[in-house]
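In my numbering, the protein residues as written are 535 to 1164.
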């Protein structure tokens, strides 16, 4: 840059600086401007206050006219329910032996339910729901002047509580005139979780539409976290529903789902792992629309449910639209008692809120597991001991199958040297001939190669039934044993909060770890017992060890009571294996098998068909080889 350009830039900068200082207002001028702003703000406030005062004066002068106009608008919108459209929300609390229930005058609804005999995992009062945001229901009304209203928006009047020896009667009244009203009548039993709910219209002719013969019900609710393992608890939080005169079904437990059902329903349940809120219609629920929404993991709620359905309704005096609410535990015996005295076709089947597995496994749980669990639990207070005794009984029942499985493996093991001779005699490129010779040996010796697998398969239904039972048994909830504080959830010995291992979680459960170790030991013992030498599939032993390791990931978040059961069951199986081995003379067993070879054998139809199929296969291979050689 030359000297002239530099001089020019300096002069321009000097001009700007000088202009800034010469045009800047003085201190007196700044004070004057500030004073003007303050005066302007004060004037604005005064004008606003004056305007409000004038409105109040005008309102006072024409108060009667304005009130009449407001009332006319309300009557135009709400009809005979105009007075019920405004009010202040208030609550009424009723307490029984089992719960505390709060009623809200807004909507005449149950606003909160606390189960007195239960606590949350962190020892707080167990609230199924509290407040309009967590539970709200209402019914759509059609007035005589064709206005559509919802009871959830209207204010009811609480009537005096009527108490009897067995219950309390709460009436929330929605008035529509001196002799016209709709009562929401709740009957709270002293020692029962089932709350009766009746809608009773009085003097509704001329108030409601004469064509009005069905209520549209809307019900929404949020499921709180009540247990320590939130992710595991969410698996059991589902919207259940029962078809009228038919079976029980549910929406997805793992994803949000929406469903419209053309059939009629008997009841709908907002279910958590151990507690439920169930709405049961005395008649039916028509054309229901159901929705289940999975909440974000950071939310204090697990799921949110929405229901819309039609309910038959008669506006004539003396008619009654009846419901029942069940607010209580998912306890099999408690729920099953509501089927007593009811025809099979009309049973509520609320016990199906306890997920006991598919048909076969559910049957095993109902016939064997639950009666035995209740029997031992009736006189033993420690549920860890109850599980131990149940395991001993089940293993005793299954012992004949265990013995048969071991003996089948022992027979195949003592025949191992002869099978190796067959493999040496017949080359590996003739697998069908090897198999045929091996089967001939087994047949002559009286050995069933499936004898070891079949007993194990017969035991699987019981193992799966127990897998379904323990996470659903509310009796184990908050019951401690050894280091486990709660047998219904995981027993963490190590926890970390800075990260979460997929399919594993942020903790390590001790019973699950011990179960995994014992299963690895049992796998090693079992493989040694069933060692068939060259017949073993290459790499199979690694697959066999992989399964117990998978258990560590599968059961780490499950109920510690389940892991404890599998741990004890496997330990007993190991003890049984060594006990049977100590009583079996393998030399004597081999001698018996050799004697069997000399006895005439009548082939079973299955073995005859198997051998015939093998012959045809060998013959087909021979023919194929001849064609290739040509």
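For each residue, glycine too, the CB sits at the ideal point set by N, CA and C.
For residue i, three-class secondary structure by DSSP
| i | result |
| --- | --- |
| residue 680 | coil |
| residue 827 | strand |
| residue 759 | coil |
| residue 1034 | coil |
| residue 1013 | coil |
| residue 717 | strand |
| residue 801 | strand |
| residue 705 | strand |
| residue 1103 | helix |
| residue 671 | strand |
| residue 1079 | helix |
| residue 1051 | helix |
| residue 696 | strand |
| residue 1096 | helix |
| residue 792 | strand |
| residue 971 | helix |
| residue 992 | helix |
| residue 1123 | helix |
Those residues which DSSP pairs with residue i across a bridge
| i | result |
| --- | --- |
| residue 860 | 728 and 812 |
| residue 1002 | For residue 1002, which the question treats as bridged, DSSP gives no partner whatsoever. |
| residue 1061 | The partner list for residue 1061 (beta bridge, DSSP) is empty, contrary to what the question assumes. |
| residue 843 | 751 |
| residue 855 | 733 |
| residue 777 | 799 |
| residue 723 | 701 |
| residue 629 | 634 |
| residue 782 | 776 |
| residue 1018 | 1015 |
Opening and closing residue of the alpha helix (DSSP H) in which residue i lies
| i | result |
| --- | --- |
| residue 948 | 917 to 948 |
| residue 908 | 904 to 911 |
| residue 746 | Looking at the DSSP string, residue 746 is not in any alpha helix (DSSP H), and its letter there is neither H nor E. |
| residue 615 | Run containing residue 615: none; DSSP gives neither H nor E here. |
| residue 660 | Here residue 660 belongs to no alpha helix (DSSP H); instead the beta strand (DSSP E) covers 659 to 664. |
| residue 764 | 764 to 769 |
Residue burial classification, residue i (beta-carbon count within 10 angstroms, cutoff 16)
| i | result |
| --- | --- |
| residue 1062 | exposed |
| residue 753 | buried |
| residue 655 | buried |
| residue 677 | buried |
| residue 713 | exposed |
| residue 945 | buried |
| residue 1115 | exposed |
| residue 979 | buried |
| residue 774 | buried |
| residue 1029 | exposed |
| residue 1081 | exposed |
| residue 893 | exposed |
| residue 837 | buried |
Rounded separation between residue i and residue j - CA only
| i | j | result |
| --- | --- | --- |
| residue 1001 | residue 788 | 19 Å |
| residue 1053 | residue 1038 | 18 Å |
| residue 1177 | residue 1096 | Because the chain here runs from 535 to 1164, residue 1177 falls outside it and cannot be looked at. |
| residue 809 | residue 864 | 5 Å |
| residue 879 | residue 782 | 13 Å |
| residue 1004 | residue 1099 | 9 Å |
| residue 744 | residue 851 | 13 Å |
| residue 740 | residue 670 | 29 Å |
| residue 931 | residue 722 | 45 Å |
| residue 950 | residue 929 | 30 Å |
| residue 853 | residue 667 | 32 Å |
| residue 641 | residue 628 | 17 Å |
| residue 875 | residue 867 | 15 Å |
| residue 899 | residue 1091 | 22 Å |
| residue 582 | residue 711 | Note that residue 582 scores 48 on pLDDT, short of 50, meaning its location in the model is unreliable and no value can be drawn from it. |
| residue 994 | residue 933 | 14 Å |
| residue 835 | residue 1109 | 46 Å |
| residue 957 | residue 975 | 12 Å |
| residue 596 | residue 614 | Bear in mind that a pLDDT of 47 at residue 596, under 50, signals an unreliable position, so the number given afterwards is only what the model happens to contain. Residue 596 and residue 614: Cα-Cα distance of roughly 25 Å. |
| residue 716 | residue 1040 | 53 Å |
| residue 770 | residue 918 | 23 Å |
| residue 727 | residue 780 | 24 Å |
Range of the contiguous beta strand (DSSP E) that encloses residue i
| i | result |
| --- | --- |
| residue 1027 | 1026 to 1029 |
| residue 894 | No beta strand (DSSP E) holds residue 894; the alpha helix (DSSP H) holding it covers 893 to 898. |
| residue 633 | 633 to 638 |
| residue 651 | 643 to 653 |
| residue 870 | Element bounds for residue 870: not the beta strand (DSSP E) but the alpha helix (DSSP H), 866 to 870. |
| residue 1042 | 1041 to 1043 |
Chain D contact for residue i (CB, 8 Å cutoff)
| i | result |
| --- | --- |
| residue 919 | No chain D is present in this structure, which holds just one protein chain. |
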